[in-house]
Amino acid sequence: MPKQSVNDCIMQYEQAKQIRQPHENDWRLASAYCLQQHYGQWMTDGPSFSQGNTTAAALRRTVFDSTGMRSLPKYMAILERLLTPAGSRYQILAASNMNLMKNYRVRQYFDLLNDTLFKWRNNPRANFRAASNEVYASMGAYGTGPIFVGRRIPNAISRAPSLIYKACPLKDIFILVNDQGEVYRVFRRYYLNLPGFLQAFPNVALPRTLALEASKTGGPNLSTYCEFFQDVCPQEDFDPEAWDERRMPFVSRNVCVTDKQYVDAVDKGYKSMPFLTPRTFTVSGDPYGFGPAVNAIASMGGASAVKKAYLQQGNLAAQPAILAADDGVINGTVTIKPGHVNYGAIDRQGRKLMGTLEPGRWDINAELLKEEQSDVEDSFFVTLFQILQDRPEMTATEVLEHVADRASLLSPTMGRGQTEFLGPMTERDIDVLDELGVLPPMPPELVEAAGQYEVQYTSPMAKGLYAEEVSGFSRAVEFALGITEATQDPSHLDHFNFDVAIPEMADKTAVPTRWMASPEMLEEKRQSRQQQQDTQQAIEAAPAAAQVMNAASKAKQVQAA
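Per the numbering used here, the sequence shown starts with residue 529, numbered consecutively.
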């Protein structure tokens, strides 16, 4: 199939921009209240390198409440705790066929695969932690957090190949979805001047505009930028048996919009979609998500307006308006500095010729501000994590019940993050690591099963979904213990299979495996305990046994006499 014409490609790019346009005003307001450094980017269509700080400084003089800016980092921490908690294995890979996991070589392979995955993902050059935090910030503010997952090209800064994670500003990402709601095409907009183009595309012919700049005798104007976009979409004539780029399921093309021409001489292919676009909440038929900040725009705007009135009211109380009679005595100059004498402010009889304007009731503004701020914090799930501070006297069972309730409320958010972020990212990681040739050799049993695997999520909050079972078991045991204590009959505890329940409870409450005894260690402990009990029983029975032996000996002596 012939390559799509550049005019058709640009037309689809412009259509994708039009589809996104209705969201941009909400995102602009969300950035004003939560991510003020992004606000300058939304105010311009071209390069916005110098707009951020200047616009943010001006914006801070018009936005008076910081609840949104304080709540967004907390929401980012919640998403990280849900999906990618630092210092823990928040996911593992296992064979799709659970029977294969009983095979020692298959288990050993997946242990090596998990170690390899986290080794490369946690490489400082991969930039995973910084990129994921930016993704969570974008999901909280706008509802969509684009990220590029690919292979780092060795350069002077990083000389070894590796994975690379790069968060993309939503301002420059345009997506299209198919009839199943899946993102199948991504346009990434960017701007380059002449030096930037030479660095990004070292052996590629210059577009006409930049070639004209390069030909100028006085040197190029570095402020001349051209608009480009990268188009990543499914391969139109995909053929896994082909020897060229057609064997790749996805194709990538770079287009210069300014000059309406392709940049690449040959299309680049990908085994999987390199751009991931996890979304917080979605509406059927809309490719873009909406986040907590978009939901709380009204409350954040109301809190800012109330805070402004509150500050004005405070200034009026500290420096009240002066009310004075026009009787020709006061000279018009009134100073409210401490200790200053205002002559003519009273008449000869000592009566005041001026007074202050009452600032009004403070409590109304205080209550309104508190309500608006609480609504904003609720949108960012901040209040879900305050109960342990408000009620430190909670019992362990109550804590488990609260964890179960909290996990159930956060389950939709965690599920979308696993479906649209962690799952596709893991598949993309495996593809890139396969290209790098660092994956362990697959055992024959898994080769026969076509190497099918699944992702199992093991973060503490993912396991917290099982807290209801743990809480129910704890309540049942407490109930049985009460009956046992009242009746002095321990048989009531025979209903519980502690050998099965305790290891599963430890697993579901995120207890590390190394903290638990292995089956061999458990059997050894029980044998040792049984030996100690047998020895103790023998010691306790020794005096009675000695008496029996003495009595038997005396009986024999009597019979012999």
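Using N, Cα and C, we set each Cβ at its ideal position, and we do this for glycine too.
| query | result |
| --- | --- |
| Does the segment 538-548 come within contact of the segment 791-805, defined as at least 3 CB pairs closer than 8 Å? | no |
| Under the three-state reduction of DSSP, which class applies to Arg944: helix, strand or coil? | helix |
| For Gly580 and Ser594, what's the separation of their Cα atoms in angstroms? | A caution first: Gly580 carries a pLDDT of 48, below 50, which makes its placement in the model too unreliable to give a value. |
| Does DSSP put Asn721 in a helix, in a strand, or in coil? | coil |
| Nearest-angstrom Cα distance between Gly746 and Tyr753? | 17 Å |
| Check whether the Cβ atoms of Phe766 and Val791 lie closer than 8 Å to each other. | no |
| Could you work out which residue in Leu1050, Asp1017, Thr1012, Ser1019 is closest to Val1028 when comparing CA atoms only? | Leu1050 |
| Could you please give me the residues that DSSP links to Gln984 through a beta bridge? | Ile620 |
| Measure the beta-carbon distance from Leu527 to Leu641 and round it to whole angstroms, keeping in mind my assumption that it falls under 8 Å. | No information on residue 527 is available, as it lies outside the stretch 529 to 1089 that the chain covers here. |
| Name the DSSP bridge partner or partners of Phe757? | Arg717, Val783 |
| Residue range of the alpha helix (DSSP H) that Thr737 falls in? | 736-742 |
| Can you confirm whether the segment 970-977 touches the segment 1005-1018 when touching is taken to mean that 3 or more C-beta pairs between the two stretches lie within less than 8 Å? | no |
| Tell whether a beta-carbon distance below 8 Å holds between Leu950 and Val983. | yes |
| Beta-carbon within less than 6 Å of Thr954's beta-carbon, same chain only, minus the 5 sequence neighbours each way: which residues are those? | Val983 |
| Evaluate contact between the segment 647-661 and the segment 683-699, counting only Cβ atoms and requiring at least three cross-stretch pairs below 8 Å. | yes |
| Are the Cβ atoms of Leu750 and Ser987 separated by less than 8 Å? | no |
| Tell whether a beta-carbon distance below 8 Å holds between Arg713 and Leu704. | yes |
| Inspect the beta-carbon positions of Ala742 and Pro748 and report whether they are closer than 8 Å. | yes |
| Just the Cα atoms here: how many angstroms apart are Val778 and Glu769? | For the record, residue 778 in the displayed sequence is Phe; it is not Val. Whole-angstrom Cα-Cα distance: 15 Å. |
| Is Gln946 buried or exposed, if buried means 16 or more other CB atoms sit within 10 Å of its CB? | buried |
| Looking at the unbroken alpha helix (DSSP H) that takes in Tyr678, where does it start and where does it end? | For the record, residue 678 in the displayed sequence is Gly; it is not Tyr. Element bounds for Gly678: not the alpha helix (DSSP H) but the beta strand (DSSP E), 675-680. |
| Between Phe803, Val591, Ser533, which has its C-alpha nearest Ala833's C-alpha? | Val591 |
| In angstroms with no decimal places, state the Cα-to-Cα distance between Gly673 and Met667. | 5 Å |
| Quick check: the Cα distance between Asn535 and Lys788, rounded to an integer number of angstroms? | 7 Å |
| Provide the residue span of the alpha helix (DSSP H) that contains Ala837, from first to last. | 825-846 |
| In the DSSP output, which residue or residues are listed as bridge partners for Ile692? | Gly678 |
| Using the Cα positions of Glu948 and Gly817, report the straight-line distance between them to the nearest angstrom. | 12 Å |
| For Gly678, which of Arg956, Glu1032, Ala1034, Arg1054 has the nearest alpha-carbon? | Arg956 |
| Pick helix, strand or coil for Arg774, following the three-state DSSP scheme. | helix |
| Which stretch, first to last residue, makes up the alpha helix (DSSP H) that contains Tyr664? | 656-669 |
| Should Ala560 and Leu600 be called a contact, given that it needs their Cβ atoms to be closer than 8 Å? | no |
| What residues in its chain sit with their C-beta under 8 Å from that of Tyr603, if we drop five residues either side in the sequence? | Tyr664, Gly668, Pro820, Phe908, Phe909, Val910 |
| Verify the CB distance criterion: does Asn651 have a CB-CB separation below 8 Å to chain C? | The structure shown has no chain C; it contains just one protein chain. |
| Return yes when the Cβ of Tyr719 is within less than 8 Å of the Cβ of Gly574, no when it is not. | yes |
| Take Ala1102 and list the residues in its own chain whose beta-carbon comes closer than 8 Å to its own, dropping the five residues that flank it on each side. | Outside the displayed span of the chain (529 to 1089) sits residue 1102, for which this structure offers no information. |
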